[in-house]
Amino acid sequence: MSGFGNKVYLLLSILVFIVADNSQPAYGFERACMHGLVRSPAILQLAKFERAKIRNDHLNISFIGHAVFFIETPGGTSLATDYNGLHTPPYVPDIVTMNPSAGTHYDDRPDPAIKFPLIGSNPDGSVATVDIRYKDMRVYNVPTNVWKLKEVLHSDSSVFVMESAGICIAHLGHLHHALGKKQLDLMGRIDILMVPIDGYATMSHEEVMKVIADVKPKLILPMHYHFPGSKQEFTELAAPHYRIKELKTPVFQISRRDLPKKTEVLFLPSHYGDTLPSVDTP
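Numbering of the sequence shown is given in our numbering, commencing with residue 10 and proceeding in unit increments.
Here it is as structure tokens:
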């Protein structure tokens with residue numbers, strides 16, 4: 010299914026309203042993940058939303074739906090992962106990440122008010138390099154799904170790493186394979202891992218388990234779990250190794266001190282409801 014077809018299908022599944030934006034002051038920046046290594050208007054938005062009051066050294070994390078998480082920092086920075094123009098956050102974020110390997114992870118006409126629309130590969134399909142700092146957040150990418158064509162490396166997706174409040178978050182995007190040592194080294198220390206668990210459109214559940222074991226996060230936030238049977242199959246595979254928890258609300262706040270000592274899986278309900286169908290392509 011094309012990206013346009015995906016969006017039309019999802020659009021018919023959702024009915025919500027539009028809310029407004031405001032701004033917050035800046036904070037300082039703290040490098041943690043890399044340990045010194047350096048490298049159009051939205052269609053729909055959520056109704057009845059008030060900006061979160063975020064405690065110092067905490068992040069506010071919401072699961073909007075599909076592969077879209079919304080991260081807010083104490084310094085007023087906001088970021089939406091794998092923004093697609095349909096599963097839209099409650100107000101226009103400062104930063105969005107996008108991956109063109111799937112139409113439901115990308116928007117070719119993002120809201121012009123977004124300050125930093127970050128794409129996981131270049132328009133010609135070549136490997137992209139992203140490393141930005143805005144207020145109290147740093148965002149960088151690690152290219153994935155890489156292949157060589159006429160001696161030029163190409164990629165259609167990236168792992169995006171977000172760092173703020175001393176917490177390092179990695180969003181795996183539309184990853185199709187286990188991660189190599191170089192990719193893991195470039196990602197650095199990861200505290201929270203946002204991982205697709207569909208089982209076939211991205212990776213098999215066995216590959217997902219290997220990625221989790223290799224990354225060694227403290228907290229796993231599943232996405233892509235609206236695919237039929239995907240949540241149950243992943244849970245059965247993960248339960249012998251990790252504690253499985255579920256929240257009744259799609260949002261929580263966390264600090265580095267709150268991270269579990271042993272890795273846990275935390276399911277968040279989608280802002281759009283668990284019945285929202287996910288349509289995606291391999």
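Ideal placement from N, C-alpha and C gives every residue a C-beta, glycine not left out.
For Thr-106, the three-state secondary structure derived from DSSP is strand.
Between the segment 76-91 and the segment 177-186, the count of C-beta pairs closer than 8 Å reaches three or more; the two stretches touch. Between the alpha carbons of Met-107 and Ala-122 lies a gap of roughly 16 Å. Ranked by Cα distance from His-67, the options Pro-269, Gln-262, Phe-276 are led by Gln-262.
Going by DSSP, Phe-243 is part of the alpha helix (DSSP H) stretching over 239-247.
Rounded to the nearest whole angstrom, the CA to CA distance from Ser-130 to Ser-164 is 6 Å.
If you check the CB distance, His-214 and Ile-201 do not come in under 8 Å. Asp-116 sits in coil when the DSSP states are folded into three classes, being neither helix nor strand. Under the Cβ criterion (8 Å, minimum of three pairs), the segment 263-282 counts as touching the segment 232-252. The beta carbon of Val-224 lies closer than 8 Å to those of Ala-179, Leu-188, Leu-193, Met-196, Ile-199, Leu-202 in the same chain, with the five residues before and after it left out.
Apart from the 5 residues on each side of it in sequence, Gly-134 sits with its Cβ closer than 6 Å to the Cβ of His-163 in its chain, given in chain order.
For His-180, the secondary structure class from DSSP, reduced to helix, strand or coil, is strand. The closest CA to that of Ser-167, considering only Asn-150, Ala-174, Gly-175, Ile-176, is found on Asn-150.
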